[in-house]
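The next block holds one structure in the form of structure tokens; read it before the comments.
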Amino acid sequence: MKLPLLAAVLACVSLVAVADETDVRKAVEAKLGKVEKLVRAPMAGIWEVTVDGQVFYSDDKATYLIFGNLLETRTGKNLTAERQFNSLPLDLALKQVRGSGKHILVTFEDPNCGYCKKLAKDIQTLKDVTIYTFLYPVLGDDSYEKSKAIWCAPDKAKAWIDWMNNGKALPAVPAKCDTSGLDKSAQLGRKLRVNGTPALFFASGERVPGYIPAAEIEKRFAPAGG
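Numbered as in our numbering, the sequence shown ends at 264 without a single skipped number.
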């Protein structure tokens with residue numbers, strides 16, 4: 039192919055790509071609502087689409103929508119789960135840092151959950167970890183009231199640790215306290231289909247529904263930590 043002709047073909051391809059992006063966005067928004075993010079997936083002819091925090095995929099013409107996980111065969115990575123992990127609103131979570139904090143663990147927990155209390159004690163033995171805990175009161179009204187007391191405490195993480203590890207009485211809820219963040223945390227758990235507590239999310243994209251001991255948590259850190 040002569041160079042001028044090749045240049046013309048490439049220009050056409052570029053224009054088609056732009057048109058495809060617009061078409062995909064319009065088609066998806068017509069079906070599912072506002073697209074938060076639209077990028078090329080690491081698979082030819084496929085777009086990665088984020089709507090309401092959920093990641094799914096579309097072909098170039100938005101003829102088909104694919105709901106599920108995209109796996110990289112070479113590494114075994116769950117690219118969809120990794121993307122969702124990286125988009126979590128961590129500003130809504132209680133944060134603990136131990137050591138260098140280089141390993142990341144995200145949990146959804148209820149203050150009345152027995153296995154969450156067991157996990158809380160295990161977490162104190164972990165090294166070089168940052169734990170983000172989303173309050174997820176699913177065990178009744180008392181769980182919500184305790185979560186509210188923790189959320190409204192001057193030091194949320196300390197109130198959480200004191201309660202979960204030592205059963206220390208929670209501080210009284212002040213007359214004025216904005217609990218919208220707590221409500222958003224609960225909404226996030228439902229959106230992610232967290233059906234019980236504790237639920238653990240790792241930076242690798244792995245999700246563990248239920249309690250696992252500290253040794254099992256550290257095994258999941260090992261591949262990413264070297």
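Glycine included, C-beta positions come from ideal geometry on N, C-alpha and C.
(1) Taking all protein chains shown into account, decide if Val77 is buried (16 or more other Cβ within 10 angstroms of its Cβ) or exposed.
(2) Thinking just about the alpha-carbon of each residue, which of Ala82, Ser185, Thr145, Ser138 is nearest to the one in Ile169?
(3) Counting pairs of Cβ atoms below 8 Å between the stretch 158 to 167 and the stretch 193 to 203, do you hit three or more?
(4) Return the chain-ordered list of same chain residues with a C-beta closer than 7 Å to the C-beta of Ala224, the five sequence neighbours on each side being excluded.
(5) Tell me Lys75's beta-bridge partners as DSSP assigns them.
(6) Kindly indicate which three-state DSSP category Glu244 falls into: helix, strand or coil?
(7) Helix, strand or coil: which one does DSSP assign to Phe239?
(8) Just the Cα atoms here: how many angstroms apart are Asn116 and Lys214?
(9) DSSP state of Ser125, grouped into three classes?
(10) Which class does Leu53 belong to by DSSP, given the choice of helix, strand or coil?
(11) Could you tell me how far apart the beta carbons of Asp61 and Ala100 are, in whole angstroms, since I believe they sit closer than 8 Å?
(12) Should the stretch 124 to 142 be called in touch with the stretch 103 to 116, which here means at least 3 C-beta pairs below 8 Å?
(13) On the DSSP letters alone, give me the boundaries of the beta strand (DSSP E) that Lys133 sits inside.
(14) Nearest to Thr217 by alpha carbon, out of Phe240, Tyr182, Arg228, Val135?
(15) Got a sec? Which residues, its chain only, sit under 7 Å from Lys165 by beta carbon, not counting five neighbours each side?
From the atom records:
(1) That one is exposed.
(2) Distances from the CA of Ile169 to each of Ala82, Ser185, Thr145, Ser138 were compared; the closest alpha carbon is that of Thr145.
(3) Segment contact: the stretch 158 to 167 against the stretch 193 to 203, three or more CB-CB distances shorter than 8 Å; contact assigned.
(4) Around Ala224: Tyr174, Pro175.
(5) Its beta-bridge partners are Thr88.
(6) Note: Glu244 maps to coil in three-state DSSP.
(7) Looking at Phe239 - three-state DSSP - the assignment turns out to be strand.
(8) About 43 Å.
(9) Note: Ser125 maps to coil in three-state DSSP.
(10) In this predicted model, Leu53 has a pLDDT of only 33, less than 50, meaning its place in the structure is not dependable enough to derive any value.
(11) Indeed they touch by this definition, with Cβ atoms about 6 Å apart.
(12) Output reads no: the stretch 103 to 116 does not touch the stretch 124 to 142.
(13) For Lys133, the uninterrupted beta strand (DSSP E) segment begins and ends at 132 to 136.
(14) Of all alpha-carbon atoms in Phe240, Tyr182, Arg228, Val135, the one lying nearest the alpha-carbon of Thr217 is that of Tyr182.
(15) Once the five neighbours on either side are set aside, the close Cβ partners of Lys165 are Arg136, Gly137.
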